[in-house]
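**Q**
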Amino acid sequence: MITSSRETMLLTTPFHSRVEAMCHLNDWGNWMGYTTPNAYFDVELEYFAIRSTTGVFDLSPMNKYRITGPDAEAYLNRMVTRNVSKLGVNRVGYAVWCNDAGSILDDGTIFRLGEQDFRLCSYQRADDWLYWCTLGFDVTITNESEDIAGLAVQGPTSCTVLTLLGCTGLDQLKPFGIAHFTFEGAPMMVSRTGFTGDLGYEVWVAPEQAEALWDQLFECGRDYLIKPIGGYALDLARIEAGFLQAHVDFIPAEEAVRPGRTRSPLELGLEWLVDFSKPLFNGRAALLEEKARGSRYRFAILDIEGNKPAEHSFILKGNKVVGTVTSAAWCPTVKSNLAYALIEAPHGKVGDQLTAEIYYQRELHWTRLMAPCRVIDGPLFNPKRRRQTPAPPF
Amino acid sequence: MNQYDAIVIGAGHNGLTNGAYLAKAGLKVAVLERNPYIGGATVSRELHKGWYYSNCSYVSSLLRPEITRDLELPRHGLQVVPFGGGTTFMRNGDHFHNFDDHDRLHREMSRHSKRDANAYDRYAADTSLQTKLIRPYLMRTPPDPTSMKPRDLADLLEFARSFMALGEEKLLDTIKFWTGSVGDYLDGYFETDVIKAHIAGSGIIGTALGVYSPGTAYVLLHHYMGDVDGNVGAWGFARGGMGAIAESLSKAFQSYGGEIICDANVDEIIVRDGRAKGVALKDGTEYQADIVVSNLDPKRTFLDITNPKDLPEDVLKKAQNFKIRGSSGKLNIALDGLPTFTGIDPRSRMMGGEMHFSDSLERQERAYDDWKNGTWSKDPYLDMLIPSMTDPTMAPPGKHMMSVFVQYAPPKVEGRDWTDEDKDGFEKSVLDQISNYSPDFRDLILHCETRTPREIEAEVGLTEGNIFMGELTFDQLLFNRPFPGYSQYRAPIKGMYMCSSGTHPGGGVMAAPGANAAREILSDLKRPNTVPGGYADD
Ligand SMILES: Cc1cc2nc3c(=O)[nH]c(=O)nc-3n(C[C@H](O)[C@H](O)[C@H](O)COP(=O)(O)OP(=O)(O)OC[C@H]3O[C@@H](n4cnc5c(N)ncnc54)[C@H](O)[C@@H]3O)c2cc1C
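Protein chains in written order, with numbering that gives the first Met the number 0: chain A, 0 to 393; chain B, 0 to 537.
1) Please confirm if Asp537(B) has its CB atom under 7 Å from at least one CB of chain A.
2) Anything in chain B within Cβ reach of Ser51(A), meaning under 8 Å, just list it in chain order.
3) Specify the secondary structure class of Met0(A) as computed by DSSP and reduced to three states.
4) Could you tell me which whole alpha helix (DSSP H) segments of length 4 or greater appear in the segment 364-450 of chain B?
5) Please name the residues in the segment 321-349 of chain A whose beta-carbon is closer than 7 Å to at least one beta-carbon of chain B, in chain order.
6) Would you say Met0(A) faces chain B, with C-beta separation under 7 Å as the test?
7) By the three-class DSSP mapping on this structure, what secondary structure does Ser112(B) have?
8) Mind listing which residues of the segment 285-318 of chain A have their C-beta closer than 7 Å to chain B's C-betas, in chain order?
9) Identify whether Gly317(A) lies in helix, strand or coil by the three-state DSSP scheme.
10) So, is Arg17(A) buried or exposed, given that buried needs 16 or more other C-beta atoms within 10 angstroms?
11) Using a Cβ-based criterion (distance less than 6 Å to any ligand heavy atom), does Lys329(B) qualify as near ligand 1?
12) Which residues in the same chain have their Cβ closer than 8 Å to the Cβ of Ser434(B), if we skip the five residues on either side of it in sequence?
13) Just mark Lys195(B) as buried or exposed, buried being the case when its beta carbon has 16 or more other beta carbons within 10 Å.
14) I want to verify the contact list: residues of chain A whose CB lies under 9 Å from the CB of Asp228(B), in sequence order.
15) Restricting to Cα atoms, I'd like to know which of Pro392(A), Phe40(A) and Asn336(A) is closest to Asn25(A).
16) With a cut-off of 8 Å on the beta carbons, I'd call Asn13(B) and Gly513(B) a contact; round off their distance for me.
17) Is His94(B) helix, strand or coil when you go by DSSP?
18) So, with DSSP's three-state summary, where would you put Phe180(A)?
19) With 9 Å as the limit, tell me which residues of the segment 28-40 of chain A have their beta carbon closer than that to any beta carbon of chain B; keep them in chain order.
20) From which residue to which residue does the beta strand (DSSP E) around Tyr108(A) run?
21) Return the Cβ separation of Phe356(B) and Gln432(B) in integer angstroms, given the expectation that the two are a contact with Cβ distance under 8 Å.
22) With respect to the alpha helix (DSSP H) encompassing Cys132(A), which residues constitute its N-terminal and C-terminal limits?
23) Give a single yes or no on whether Asn264(B) has its beta carbon closer than 6 Å to a heavy atom of ligand 1.
24) Enumerate in chain order the residues of its own chain whose CB-to-CB distance from Ala394(A) is below 6 Å, with the five nearest sequence positions on each side excluded.
25) Taking 6 Å as the cut-off, is the CB of His12(B) close to at least one heavy atom of ligand 1?
26) Quick one: which unbroken alpha helix (DSSP H) runs of 4-plus residues sit fully inside the segment 174-220 of chain B? Chain order, please.
27) So, helix, strand or coil for Gly533(B), using DSSP?
28) Looking only at C-alpha atoms, which of Ile259(B), Val278(B) and Cys261(B) sits nearest to Ile268(B)?
29) Can you name the residues of chain A whose CB is closer than 7 Å to the CB of Arg348(B)?
30) Could you tell me whether any Cβ in chain A is nearer than 7 Å to the Cβ of Tyr534(B)?
31) Going along chain A in order, which residues have a C-beta closer than 8 Å to the C-beta of Asp100(B)?
32) State the start and end residues of the unbroken beta strand (DSSP E) segment that holds Ser190(A).
33) Are the beta-carbon atoms belonging to Ala370(A) and Ala338(A) less than 7 Å from one another?
34) What are the complete alpha helix (DSSP H) segments, minimum 4 residues, inside the segment 35-71 of chain A?
35) Along the chain, where does the beta strand (DSSP E) containing Asp302(A) start, and where does it finish?
36) Assuming contact is defined by CB atoms lying nearer than 7 Å, are Pro386(B) and Val405(B) in contact in what I supplied?
Here is the structure:
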């Protein structure tokens, strides 16, 4: 059979006509099979839109699953490590889920839309795993990925911009809360969530509303210096804010081939997401055992001396390699040289002094630098406005 | 009890930095400020309700990242947001856009001259060579070439080595660069007037010299040697205005136990038996300390607040002859909306960049001729920005704040003091210049703060209104700053020090003089050093 070449090309999101018009750099990447901009006009200025005004990121390619039915809560409680029963209606929770060996498959956010109605947003495609897990549960799983268009609207002026768009009273919405509005007569859901560590929201509409949403958002945001942002700027913001990324900071367990390459939530510093008081969830036994025995690795945020990003560095204690860096960046708002590292236990405790072996190049000349670094107890970027309710206007 | 370990006179950003490092080392420190507010030339004030002006300095690049990080200024509220690019408007209706992106810049330059577009790469490499030479010395005390102390000798040797490593030809280029004019330098690369004029502006800002005066090539470098997040030569806004820099420094200082006392106008440094013992205010209050640090410019430090009887003859002479000529003015304008500019899409990113209105070196030189003739430039060089295009906190939504730096304005008008009529004339020449390229601009003005050298001197205490606290010419740089023999932050009186922009590495919101001075003071006190070393580029 001969297929037309169009069918084999990357897909475009419902916002594409608008995204393309603003993508002055014409610098595109592939995210989940969609054509998405790496950068629109200047990575640095896009990053600073998130931190100083409002940045808009098209997150339509995210995988979205609707989980409904009498057993929906029990099903999710079985699947993820955190306690979903504690999640109220119109609240969002960050979650990870594991296999029986206690290895992380992926992370994502769970939106509780009703007592028996949830939406899971995951970084990875999760259809297969979600269906396997339904055995014995009265739930319906629907892949909604193509039915919902989403924009992350992030930054200090984001609340003001969305309020102008018609989200009256949005400043009262607490972090991780969900509010419902109408946009052009159709439902528009807004959650106070994001991947930037700043004040910010995610806006969800049907694909038919996408272009109008983009146009009106940018119109309302003009006086508040709204800017589109691409993948590179978002990545910088997420490192500064302390968020993990699948395939970068861990390998989804289902894809790991070599033994020992998977990671558990305890090893990634996510124990706060594991509720052992739940009688049963995937990976519970293995994680309990790991907790008793001690983990192999510790996730560490490193504050590194100097200004050379420790990309792909080995981390040493004395002369011994004890870990490697997974994400690293010079962070422009906290003005620090940060890295995430996986460190072999017992090293990597908060306050530990380690050394990063950094390689960098100037005019084809490589230099090796042994930079002292210190394990810190959390991300340095943590502004008040992220938590404040009512949300500040700028 | 007015007893301290150290007193810093002046809460400019260098005084605050100096105080912070002394306090961090455990000293009991007070910073005394004449004005009711802190910051000196690093200040933001709400002079028109809802609008914040960065009254003096308006953009940041030189502020040393080592200090920002070490004093945890982001935690104390500082955020520096870069802006990209710039524009020079041309008399023929065209313009030149200086894009950050290399390929876009190449296209734009090619529109004016393909040859210039190509020569730009050579220009950029040669200019970075010069910034690379100076950057390692920003966070260091300059070596004294006449000293036989091991530290000075070692530093001098290292300094000499980095120059000798250049090879003969580059070394000659370097000597020429450090003493030459920005006009001659640019003539060696470009043929297009507007491109030369766009770049040359950085060679005359804050300087009583013209584009063809020797020494202006270095001034260009002085504007290129900073960085924003490692992008050397990039500039940004402090969110909330430049005052945010002083605010965050003051919070850092206070977090180490330091004390800021405003409305404290220092009259004289108290000296007994050749040692600094404290200060006396104009109102008679006295503060005691064995360490007294001056954040004032060298003229005021030695000719105003020190008793000449306490000073050696050579310092008095050098202070008298110190070159600190006023050459600049500033307008801060509250606007009712966004003005439009001929040939620029109002939604263009270039609206957030710098704007200039002198499209040739010839016009810039003529602007300087006016200064020499004792008057403000009739066709002034402007460095104009609309910070509210980048920072939403500077003006109400939909309204804008405009910052206009003006070159040239003389310290005296035809030899006499400025009058209010002169000030109006100066203001008019600036507004006219902008209106030539923005027909609707004038109607949008709600309020305008106009500062000639007279106001800058009176309010900030910068002699003659010189923004850098002394000309940045080679005879006043490195081991010559402020004077030969006194470049290591020590005054000739025991226990007295200097930490202002009048010392190495000079003017601008850099904080390096304040930090370097603290390191010397702590070393004299035999205390552990609290001042970080500089980041290396290589
Ligand atoms: C109009 C203008 C524009 C500028 N633009 C820029 C720019 O965009 N970017 C940049 O990097 N730099 C710029 N500069 C230069 C920069 O602002 C200065 O070099 C720098 O701020 C000086 O800092 P300082 O701490 O050394 O001194 P100052 O800031 O001058 O501080 C000295 C302090 O001492 C106080 N004082 C004076 N006399 C007494 C006394 N007798 N008793 C007590 N206190 C006293 C003063 O009130 C003042 O607070 C500009 C300067 C001006 C004037």
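Glycine included, each C-beta is placed from N, C-alpha and C at the ideal position.
**A** Per the coordinate set shown:
1) Here residue 537(B) is taken as the residue at index 538 of the second sequence, counted from 1. Chain A, which has a Cβ nearer than 7 Å to the Cβ of Asp537(B), makes this yes.
2) What you label residue 51(A) is simply residue 52 of the first sequence in a count that begins at 1. Neighbours of Ser51(A) on chain B, chain order: Gln78, Val80, Arg238, Thr389, Asp390 and Pro391.
3) Locating residue 0(A) in the first sequence gives position 1, counting from the first residue. Its pLDDT being 49, under 50, Met0(A) is placed unreliably by the model, and the measurement read from it follows with that caveat. In this structure, Met0(A) counts as coil in the three-state DSSP scheme.
4) 419-434
5) Trp329, Pro331, Thr332, Val333, Lys334 and Ser335
6) As a working mapping, residue 0(A) is identified with position 1 in the first sequence. At Met0(A) the pLDDT is 49, less than 50, meaning the model places this residue with poor confidence and gives no usable figure here.
7) Position 113 of the second sequence, counting from 1, holds the residue named residue 112(B). Reduced to three states, the DSSP call for Ser112(B) is coil.
8) Gly305 and Asn306
9) What you label residue 317(A) is simply residue 318 of the first sequence in a count that begins at 1. In the structure shown, Gly317(A) sits in coil (DSSP, three-state: anything other than H, G, I, E or B).
10) Counting from one through the first sequence, the residue named residue 17(A) turns up at place 18. Buried: at least 16 other Cβ atoms inside 10 Å.
11) Start at 1 with the first residue of the second sequence, and residue 329(B) comes out as number 330. Yes - ligand 1 has a heavy atom lying nearer than 6 Å to the Cβ of Lys329(B).
12) Taking the first residue of the second sequence as position 1, residue 434(B) is located at position 435. Around Ser434(B): Phe440 and Arg441.
13) Mapped onto the second sequence, residue 195(B) falls at position 196. Per the 10 Å Cβ criterion, buried.
14) As a first step, residue 228(B) must be located in the second sequence, where it is residue number 229. Those are Glu43, Asn306, Trp329, Cys330, Pro331 and Lys334, listed as they occur along chain A.
15) Mapped onto the first sequence, residue 25(A) falls at position 26. Ranking Pro392(A), Phe40(A) and Asn336(A) by Cα distance to Asn25(A) puts Phe40(A) first.
16) Reading the second sequence from its first residue, position 14 is the one you call residue 13(B). Reading the second sequence from its first residue, position 514 is the one you call residue 513(B). Contact flag correct, Cβ pair sits at about 4 Å.
17) Walking along the second sequence from the start, residue 94(B) turns up at place 95. In this structure, His94(B) counts as strand in the three-state DSSP scheme.
18) Stepping through the first sequence from its first residue, residue 180(A) is reached at position 181. Of the three classes helix, strand and coil, the one that applies to Phe180(A) here is strand, per DSSP.
19) Phe40
20) Numbered from its first residue, the first sequence carries residue 108(A) at position 109. Correcting the residue identity first, residue 108(A) is Thr in this sequence and not Tyr. Per DSSP, Thr108(A) belongs to the beta strand (DSSP E) from Ile103 to Gly113.
21) Counting from one through the second sequence, the residue named residue 356(B) turns up at place 357. Counting from one through the second sequence, the residue named residue 432(B) turns up at place 433. The pair is a contact, with the Cβ atoms about 5 Å apart (cut-off 8 Å).
22) Against the first sequence, residue 132(A) aligns to sequence position 133. From DSSP, the alpha helix (DSSP H) with Cys132(A) extends over Asp126 to Cys132.
23) Indexing the second sequence from 1 puts residue 264(B) at position 265. The answer is yes for Asn264(B).
24) Because chain A here runs from 0 to 393, residue 394(A) falls outside it and cannot be looked at.
25) For this step, residue 12(B) is matched to residue 13 along the second sequence. True, at least one ligand heavy atom lies under 6 Å from that Cβ.
26) 181-186 and 192-203
27) In the second sequence, the residue the question calls residue 533(B) occupies position 534. Reduced to three states, the DSSP call for Gly533(B) is coil.
28) If you number the second sequence from 1, residue 268(B) lands on position 269. Ranking the options by Cα distance to Ile268(B), first place goes to Val278(B).
29) Counting from one through the second sequence, the residue named residue 348(B) turns up at place 349. Ordered by position in chain A, the residues that pass the 7 Å Cβ test against Arg348(B) are Phe40.
30) Against the second sequence, residue 534(B) aligns to sequence position 535. Cβ-Cβ to chain A under 7 Å: yes for Tyr534(B).
31) Translated into the one-based positions of the second sequence, residue 100(B) becomes position 101. Chain A residues near Asp100(B): Leu24 and Asp41.
32) Along the first sequence, read from residue 1 onward, the residue named residue 190(A) stands at position 191. Ala185 to Ser190 is the extent of the beta strand (DSSP E) around Ser190(A).
33) Here the question's residue 370(A) lines up with position 371 in the first sequence. Here the question's residue 338(A) lines up with position 339 in the first sequence. It is not a contact, given that the beta carbons lie outside the stated cut-off.
34) 42-51
35) Position 303 of the first sequence, counting from 1, holds the residue named residue 302(A). It spans Tyr296 to Ile303 - the beta strand (DSSP E) in which Asp302(A) sits, taken as one unbroken run.
36) Stepping through the second sequence from its first residue, residue 386(B) is reached at position 387. Stepping through the second sequence from its first residue, residue 405(B) is reached at position 406. Their beta carbons are not under 7 Å apart, which means Pro386(B) does not touch Val405(B) by this criterion.
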